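Heads up: the sequence shown begins at 7 in the numbering used here, then just goes up one per residue.
Built from N, CA and C at the ideal position, the CB exists for glycine as well.
Computed from a prediction, not measured in an experiment: that's the story for all the values here.
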Amino acid sequence: MARRNRMILLSIILIIILGFSINNTTRWTAPSLESTNEVLNLNLTNFVDLRIGTENEGHIFPGACLPFGMVKVGLDTDFSKDFHAGYTVRGDVTGISRTYLTNIKVIRNLHVSGTGGEAKYGVISQLPIVASLSEINLSIIKSPRSFERFTPGYSIFGLKRYNITVELTATRRAALHQYTYPENASNNSHVIIDISHFLQQACAWCTGKFHDGAIYSVNNTQVKGMGRYSGGWNLGGPYKVYFCSQFDTPAIFYSTWWNFLITNTSFDVGADGHPIGAILTFDTKSTRVIRSRVGISFISATQACQNVESEIPNFDFIQIKREAIKAWERELEKIVVEGGDNEAKTIFYSSLYRTMLMPSDRTGENPKWESFDNNGKIIPHYDDFYALRQVDIVRSLIDIYKNEGYMPDGRSGLENGITQGGSNADMLLAETFIKNIDRNSEIDWSLAYQALLKDAEVDPWSRGLYEGRLFLNWYKKLGYIPTEVLTRMGYAFSQCSRTLEYAANDYAISLVAKGMNKKMDYVKYRNRSRNWENLWYPKEFQGFTGFILPRFSNGKFYTEWDIMDTYGGVTPFYEGTSWEYSFYVPHDIKKLIELSGGPIKFEERLDKTFDNSDPYRLYLNKYFNIGNEPSFLTPCLYHYIGKQWKSVKLIRDIMKTKFRSDRSGIPGNDDSGAMGSWYVFHAIGIFPNAGQDVYFINSPHFKNVTIKLSDSSDSILTILAYNLSPTNIYVQLARLNGKFWEKTWFKHSDIGNGGKLELWMGANVSETWGVGKHLIYPPSLSEEAVETGLPFISSIEPDLVVDEVLEKK
Numbered sequence: 007m008a009r010r011n012r013m014i015l016l017s018i019i020l021i022i023i024l025g026f027s028i029n030n031t032t033r034w035t036a037p038s039l040e041s042t043n044e045v046l047n048l049n050l051t052n053f054v055d056l057r058i059g060t061e062n063e064g065h066i067f068p069g070a071c072l073p074f075g076m077v078k079v080g081l082d083t084d085f086s087k088d089f090h091a092g093y094t095v096r097g098d099v100t101g102i103s104r105t106y107l108t109n110i111k112v113i114r115n116l117h118v119s120g121t122g123g124e125a126k127y128g129v130i131s132q133l134p135i136v137a138s139l140s141e142i143n144l145s146i147i148k149s150p151r152s153f154e155r156f157t158p159g160y161s162i163f164g165l166k167r168y169n170i171t172v173e174l175t176a177t178r179r180a181a182l183h184q185y186t187y188p189e190n191a192s193n194n195s196h197v198i199i200d201i202s203h204f205l206q207q208a209c210a211w212c213t214g215k216f217h218d219g220a221i222y223s224v225n226n227t228q229v230k231g232m233g234r235y236s237g238g239w240n241l242g243g244p245y246k247v248y249f250c251s252q253f254d255t256p257a258i259f260y261s262t263w264w265n266f267l268i269t270n271t272s273f274d275v276g277a278d279g280h281p282i283g284a285i286l287t288f289d290t291k292s293t294r295v296i297r298s299r300v301g302i303s304f305i306s307a308t309q310a311c312q313n314v315e316s317e318i319p320n321f322d323f324i325q326i327k328r329e330a331i332k333a334w335e336r337e338l339e340k341i342v343v344e345g346g347d348n349e350a351k352t353i354f355y356s357s358l359y360r361t362m363l364m365p366s367d368r369t370g371e372n373p374k375w376e377s378f379d380n381n382g383k384i385i386p387h388y389d390d391f392y393a394l395r396q397v398d399i400v401r402s403l404i405d406i407y408k409n410e411g412y413m414p415d416g417r418s419g420l421e422n423g424i425t426q427g428g429s430n431a432d433m434l435l436a437e438t439f440i441k442n443i444d445r446n447s448e449i450d451w452s453l454a455y456q457a458l459l460k461d462a463e464v465d466p467w468s469r470g471l472y473e474g475r476l477f478l479n480w481y482k483k484l485g486y487i488p489t490e491v492l493t494r495m496g497y498a499f500s501q502c503s504r505t506l507e508y509a510a511n512d513y514a515i516s517l518v519a520k521g522m523n524k525k526m527d528y529v530k531y532r533n534r535s536r537n538w539e540n541l542w543y544p545k546e547f548q549g550f551t552g553f554i555l556p557r558f559s560n561g562k563f564y565t566e567w568d569i570m571d572t573y574g575g576v577t578p579f580y581e582g583t584s585w586e587y588s589f590y591v592p593h594d595i596k597k598l599i600e601l602s603g604g605p606i607k608f609e610e611r612l613d614k615t616f617d618n619s620d621p622y623r624l625y626l627n628k629y630f631n632i633g634n635e636p637s638f639l640t641p642c643l644y645h646y647i648g649k650q651w652k653s654v655k656l657i658r659d660i661m662k663t664k665f666r667s668d669r670s671g672i673p674g675n676d677d678s679g680a681m682g683s684w685y686v687f688h689a690i691g692i693f694p695n696a697g698q699d700v701y702f703i704n705s706p707h708f709k710n711v712t713i714k715l716s717d718s719s720d721s722i723l724t725i726l727a728y729n730l731s732p733t734n735i736y737v738q739l740a741r742l743n744g745k746f747w748e749k750t751w752f753k754h755s756d757i758g759n760g761g762k763l764e765l766w767m768g769a770n771v772s773e774t775w776g777v778g779k780h781l782i783y784p785p786s787l788s789e790e791a792v793e794t795g796l797p798f799i800s801s802i803e804p805d806l807v808v809d810e811v812l813e814k815k
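Dropping the structure here:
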C-alpha cells in the first residue's frame, strides 16, 4: 500500500478532533482523574508496543523520537525486505541513523514510518564498534543484535559482534546516543560516522542516491558535515542534510575517511557518490560509557550545532530520556480509555502513538524560503504529510502554495511526492474551515481559498503527478478523465479513481464556498462533484447492476473492463478494483444507493462485499481490502440504509481478525498513521466522513472514553458505553449532551466545544434505535438541493455557466 493522499485524512481528522497544536503543552484535568503539574501520570506509554507493525509490510519505525519530531533515530539493518523505516526484525545492524534500516549496519537520525512505495532517508549514520584500528574494514561494518527493547522516546539494543550496548533518545531536531563499550575494549573503541549511508543502498531497483558530501571539520569532540541525497519515495531531486555530532569524552584519535580508506585529515569533500565519513577512537579503559549528541538541520551545519546545543544543553541522558517519555505521555493522555483489558489498551495506544510519528515538524528548517505571516509569526513547516496537525499544518500547506504554486498531497525531502489521486489537501482545508478549528484566526482564509481554486481550475500539466490535479483540463471539459490519456512516466494514470476523488474534492470546496457566502462557486463545485456519475455504467456483474467503468473521450464506455481487475498504479483504478471504487462517493451515498438499485439491492451488494467465505483473504481481497484506503469508509455505509448494526458487527470483526498486538498486527502499510487512525476511531465508537463534518456512531470498545478537544478544561468529549461487554455490542439507546439521540450520526458542531455521548449497549440488535422509516440518514449531496432550493447543473454540461443558472432560478 503506497497511498499518501486520501490515506492521510483519517490521521489528520484525528488530530483535528483532538486539537493538537505545535505548542500544546498545557495540562488538562479530566473530571474523575487527579493530575500532576504537567501530565496525569497514567503511564500510558506502558501500553505502547513499538514492535506492532514491524513485520507484514507494516513498515513501522520503532526508534526514538518525539511526537511529530523531525529527528527519528534508530538502527538500520541489511535485510532488504520491509526496510522502509530502517528497522527490520531479521538482519544485522548496519548503522544508527536519523531516518530509519536487520544485521545492524548503522544507526541513523532521519526516518519515516509506515510508508509504501520506496524507502526514504536513513541518512547520517553513526555506529560504535570495537576493533583494532589497523584491522577495520569500513566497507563491511555490521553486527547481529544480542537484544533490543523499544519504548516511546527511548531505544536500547546490543551489538553482539562488538559487545556494545546502545541507548538512544531524541528531541525535536537532535538525538542523544549512549554507548557502553565492553571492559576489555580500551583504545580499540571507535565511532564510525558514514554520511554516504542511506536506506536504499542495497536496493537495485530503487531511485535513492547519495550524490556527494563533506566533512567540514573533525576534532577530538566534534564532527560537522553534510550529505546530499535524492530519490526515494517521492522520486524527489537532491536535498542536503547537515549534521553536528558532539562527544562528552575527547577522542584519542580522529580522522576523515574517503572511499573506505582513513585519510588522516581533519576535513574532506566527497564527490561522485564515493563513500565518505569520519572515525573517532576513544580510550574506554576508565570510562566505558561514551555519549554523543547529534544535531540535524536542512539549513547548515552551524544550524545543526545550534539545534543540538539548545535542545540538549548537556549530555544528561536520563534527563533527555525522561523528557521524551513525558512528551509522549502528554499526547497520549489526550484520549483516556477505561474498561478494556490490557491487550485492547495495547493495540489502542500503540495505534494512537503511530498517528503522531508523522508528519515531521520542521519549523525553522526550510532552506527554500523564510516563512512569516502578516503578523510576523513564523509559519510552521511540516514534511511528510500523513498525520497532519490542525491549524499549523494548514498554514504550512498554504505557505507552500504561496511559494511553489500548489498545495502538496505528500511531501518529503523538501519536495512533493507523487499525487496518486485527488488534490486532497483540499479536504483538510475544508475540514478545518467547516469545523471552525481556526478559532484564533491564524489562517489566511483568503489565501487558502485561492489555493483551493488553483487546485480546481489550473491544470499543472507536466507537474500533474506531483501537484494539483493531473488531467484537469479533460476533467473540466468532459466531466471525467478519459481512459486513453496517459502519463509520460507510464504510472498513476488512475483515470477513474482520479475522477472520483476530484469530485469529492470539488464537494469539499463547495462547502468552503458556501461558508464564505460565495454562492456561484458553491453551485459550480457542488454540481461538479456529481462528475462521478459520468463514469457510472449499468454493467451487470455477479447479480448486481451499475459500476464505475473507464470511458473514452468520445463518450463510449470500456464495457469489457474486468470489475475485479487491479494492478497498482497502471490501471484506471489506483490500488483498487472497480468493485471497491464503486462505493467511493462519500458526499452522495443517497445517489449511489439509487443508482445501485435501491436500499435492498445496495444492502445485498454490501453483504457480498464482506462475504467471509474465503478465510485466507478475509477483508483483504478484491471486494474489500482493509489494507488499502479506498475501502476505509465502506463498512460505515450501512448507516445510509438504516442498518447501523451491520456496520457494528462488521467493524468489530475486522478489528478482531486484522489488528493484533504482535509484530504483524497491522493489515498492510500503516501509511504514516492512517491505519492506526482507522483503529482508534472505531475503538472509541465513532468514525468520520472525511472532508465533511459528520461522524458515524458505531460501537465503543471501552466503557469510558475521555477526549481532550483543546487546552480548555471545558472542552472534553466523554463517550460512555453502559452495560458494554464482549457480547453487548449493539446500541439500544443513545443520548448526546443530555438529549435522547435517534440518529446514528452527529456533526462536529455537536461536540466541538466538548460534550457527552452516552450509549446503552445490549446483546441484541435494537428494534427501536437506529432503525425505522422515520430514521434520519446521514446527509448526502442529493438532499442538499431540496434544503437550499438551488438547482443542480447537469454534469454533462460542463460549459454551462453559473450565472445563467442563477438567472433561470
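Relative to the Cα of S251, the nearest Cα in the group L478, E748, Q312 and P73 belongs to Q312. Under the three-state reduction of DSSP output, N320 falls in the coil class, being neither helix nor strand. For E410, the uninterrupted alpha helix (DSSP H) segment begins and ends at Q396 to E410.
Taking the Cα of Y168 as reference, the smallest distance to any Cα among N618, D568, T186 and W264 is reached at T186. In this chain, the alpha helix (DSSP H) harbouring R611 covers P605 to T615.
Residue pairing from DSSP places G761 in a beta bridge opposite L723.
Per DSSP, reduced to three states, the secondary structure at Q184 is strand.
Looking at G231, S705, I487 and T227, the one whose alpha-carbon comes closest to that of S306 is G231. In the structure shown, the three-state DSSP call for W684 is helix. When I672, E189, Y222 and Y235 are compared, the shortest CA-CA separation from T171 is found for E189. A contact between stretches requires three or more CB pairs, one per stretch, nearer than 8 Å, and the region 479 to 488 fails this requirement with the region 426 to 434. For I296, the pairing in a beta bridge is given by DSSP as Y185. Exclusion of the five residues before and after G552 leaves W542, Y543, P544, K545, S588, L601, S602 and G603 as the residues of its chain whose Cβ lies within less than 8 Å of its Cβ.
The secondary-structure analysis by DSSP pairs L639 with nothing; it has no beta-bridge partner. DSSP places W766 in the strand class (E or B) of the three-state scheme.
Between V229 and I199 a beta carbon distance of about 6 Å is seen, short of the 8 Å cut, so the two are scored as contacting. Taking a C-beta distance under 9 Å as the contact criterion, A457 and H593 do not qualify as a contact pair. Here F249 is not near V197, since their CB atoms are 9 Å or more apart.
Measuring C-alpha to C-alpha distances from H780 to each of Q548, P73, V771 and T750 identifies T750 as the nearest. Linking Y455 to I487 through their CA atoms gives a straight-line distance of about 24 Å.
Our two residues, S192 and P73, have alpha carbons roughly 38 Å apart in a direct line.
Shown here for T505: same chain residues with a beta carbon closer than 7 Å to its own, the five before and five after excluded, namely Y481, Y486, I487, N537, W538 and L541 in chain order. Around the beta-carbon of D699, 16 or more other beta-carbon atoms lie within 10 Å, marking it buried. Exposed is the label assigned to N523, since fewer than 16 other Cβ atoms lie within 10 Å of its Cβ. A contact between stretches requires three or more CB pairs, one per stretch, nearer than 8 Å, and the region 49 to 62 meets this requirement with the region 664 to 676.
Contact check for T308 and S195: beta-carbon distance about 29 Å, past the 8 Å limit, so the pair fails to qualify.
Scanning its chain for C-beta atoms nearer than 6 Å, with the 5 sequence neighbours on each side dropped, one finds around F579 the residues C502, S503 and Y587, in chain order. One alpha carbon belongs to V397, the other to R368, and they sit about 15 Å apart. The Cβ neighbour count for T572, taken over all protein chains shown within 10 Å, is at least 16; the residue is labelled buried. Around the beta carbon of M526, fewer than 16 other beta carbons sit within 10 angstroms, so the residue counts as exposed. In this chain, the alpha helix (DSSP H) harbouring E600 covers I595 to L601.
For a cut-off of 8 Å, the C-beta gap from T293 to P158 is around 29 Å, too long to register as a contact. Residues of the same chain with a CB within less than 8 Å of the CB of K628, apart from the 5 flanking positions on each side, are M570, T572, T583, W585 and E586 in chain order.
Counting the other Cβ atoms within 10 Å of the Cβ of G561 gives fewer than 16, which makes it exposed.
About 5 Å separates the Cβ atoms of N422 and E473, confirming a contact at the 8 Å cut-off. In the structure shown, the three-state DSSP call for W542 is strand.
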